[in-house]
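Chains as they are written, first to last, in the numbering used here: chain A, 989 to 1181; chain B, 989 to 1181.
Protein chains: 2
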Amino acid sequence: MSKGEETRKQVLEAAVEVAASSGLASLTIGSLAERTGMSKSGLFAHFKSKETLQVQVLEFAGEAFIQDVVRPAVSAPRGEKRVLTLFESWLATARDGTAECLFVSAAWEYDDQPGAVRDRLVRMHLDFRDSVAQMFRTGIAEGFFAADADPEQFAHDLHGIMLIYFQAHRLLGDARAEERARRAFSRLIESNR
Amino acid sequence: MSKGEETRKQVLEAAVEVAASSGLASLTIGSLAERTGMSKSGLFAHFKSKETLQVQVLEFAGEAFIQDVVRPAVSAPRGEKRVLTLFESWLATARDGTAECLFVSAAWEYDDQPGAVRDRLVRMHLDFRDSVAQMFRTGIAEGFFAADADPEQFAHDLHGIMLIYFQAHRLLGDARAEERARRAFSRLIESNR
DNA sequence: GCGCACGCCGAACGATCGTGCTATTTTCGT
DNA sequence: ACGAAAATAGCACGATCGTTCGGCGTGCGC
């Protein structure tokens, strides 16, 4: 890996942390430069614009999210076990990770602001939703879930469970958030069996 | 109503709109002044600081949210009808309104940023959650829902349904979002009956 | 090991940020 | 109607924003 590529990744790593707690829009070149010990212009040279930086941060976090959430699931046995693994790894990532935090906050920061960042964000959400639906669909084919269950609806509902868990956990500091998430998930699985 | 109070409300009205689409943190005195036809300093004088402005925006939107969502519910018959009315008015507000949009985005903007804004936001969320739980609890007492159903869990789950509806509707532009929300709600009610 | 591209820096730019001051105008109780 | 009080404007401040440019040093292909 060339020198430039290496520092670029270091910058993105720091940027994901900052963006996860302060929001993607409030990423500033200056604070990011200070945090990484670089000069503003030196850092800026790696990304031609702030928007490019934001998109790259999104992609960087996206890869981490796939590693942490999707990969454990797809390497689990097809069917119910896979969906359960998805839920558990997603929950763990939402509890401790930074990537999920970034996506969730960015989703509402950019839901009304057209541009490259929003476009990228929408595509990632749609891709992930399709992945979840596909895992569930496989579960139907294997006979774990009801034949007339709706995979898109399942992906939708599961995402809702994660969103409210995330809010209860991060904003409200609700100690019972995880318990509630598990209960909601159990009922979702049950009603699709 | 005194002159000052009147312009203050006009400013807050504009501020809610801006904050709903750009986020509460990116509210700027300058753009707000231009939007309302005032001078920066003239506008600023109404709020001693930007943080005060943000808190007041939050409270202003909170009153609107209560008017649009909670009030229709509490004026509906106790029990299942009330919970259903809550869902419908909440859904309508989430679809078209600005207040809900503000709360949702603010929830993630400030989930990691201590201060008066976050404190106020947390309190509003807790208050609302309690209101929802109480409506459900009344429904239990009236025999509409299962005696062993969990009101807090219901409020939690319902909020999750709204969050994912909001994301599907605003970010993804999913035309079937509302249909999915209704289906999820029906199943939530069913499993608590 | 030479040469050049690339990484990085310092300085500067116009703009805008939040927030003070000081006037000036407008409102409002008496 | 007058005077106090409130509302608003004008101006300026230091800071920080994203971005550009010219130069310096160093890593990397030949």
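Even glycine gets a Cβ: it sits at the ideal position worked out from N, Cα and C.
For residue i, which residues in the same chain have their Cβ closer than 6 Å to its Cβ, ignoring the five residues on either side in sequence?
i	result
A/G1030	none
A/G1139	A small fix is needed here, since residue 1139 of chain A is Pro in this sequence, not Gly. Excluding sequence neighbours, A/P1139 sits near A1121, F1124 and R1125.
B/E1039	A1104
A/V1057	S1077, W1078 and T1081
B/A1013	E1097
B/A1143	R1117, V1120 and A1121
Ignore the nearest five residues each way along the sequence and tell me which others in residue i's own chain have a CB closer than 7 Å to its CB.
i	result
A/F1035	L1041 and Q1044
A/E1068	G1127 and F1132
A/S1098	Note that residue 1098 of chain A is Tyr in the sequence shown here, rather than Ser. Around A/Y1098: V1105, R1106 and L1109.
Applying a beta-carbon distance threshold of less than 7 Å, which residues of chain B neighbour residue i?
i	result
A/E1097	G1011 and S1093
Hey, is residue i's beta-carbon within less than 8 Å of any beta-carbon in chain B?
i	result
A/D1115	no
A/S1027	no
Would you tell me roughly how many angstroms separate the C-alpha atoms of residue i and residue j, rounded to the nearest one?
i	j	result
A/A1137	B/E1167	15 Å
A/F1053	B/L1000	38 Å
B/R1070	B/A1061	5 Å
B/A1082	B/I1017	27 Å
A/R1108	B/E1130	49 Å
A/S1187	B/T1073	Here chain A comprises residues numbered 989 to 1181, so residue 1187 of chain A is not present and cannot be evaluated.
A/S1077	A/R1117	16 Å
B/A1033	B/S1027	10 Å
A/C1089	A/H1113	14 Å
A/S1019	A/A1064	41 Å
Compare the C-beta of residue i against all C-beta atoms of chain A and say whether one is closer than 8 Å.
i	result
B/V1110	yes
B/Q1155	yes
B/L1074	no
B/D1056	no
B/S1014	yes
B/D1100	yes
Under 8 Å Cβ-Cβ, which residues of chain A neighbour residue i?
i	result
B/G1085	Here the premise fails: no neighbours, minimum Cβ distance about 13 Å.
Ordered along the chain, which non-local residues of its own chain (more than five positions away) have a Cβ less than 8 Å from that of residue i?
i	result
B/L1015	A1003, V1006, A1007, K1038, L1041, Q1042 and V1045
B/Q998	T1024
B/G992	H1034
Throw me the rounded Cβ distance for the residue i and residue j pair, which I believe falls under 8 Å.
i	j	result
A/L1189	B/V1110	Here chain A has residues from 989 to 1181 only, and residue 1189 of chain A is not among them.
B/I1177	A/G1148	Actually they are not in contact, since the Cβ atoms of B/I1177 and A/G1148 sit about 15 Å apart, beyond 8 Å.
A/R1181	A/A1134	6 Å
A/G1011	A/S1093	5 Å
B/A1172	A/D1145	5 Å
Could you tell me which chain A residues have their CB closer than 7 Å to the CB of residue i, listed as they occur along the chain?
i	result
B/R1168	Q1141 and H1144
B/I1149	G1148
B/I1152	H1144, H1147, G1148 and L1151
B/L1160	V1110, H1113 and L1114
B/R1171	Q1141
Name the chain B residues that come within less than 9 Å of residue i, Cβ to Cβ?
i	result
A/R1175	D1145, R1175, L1176 and S1179
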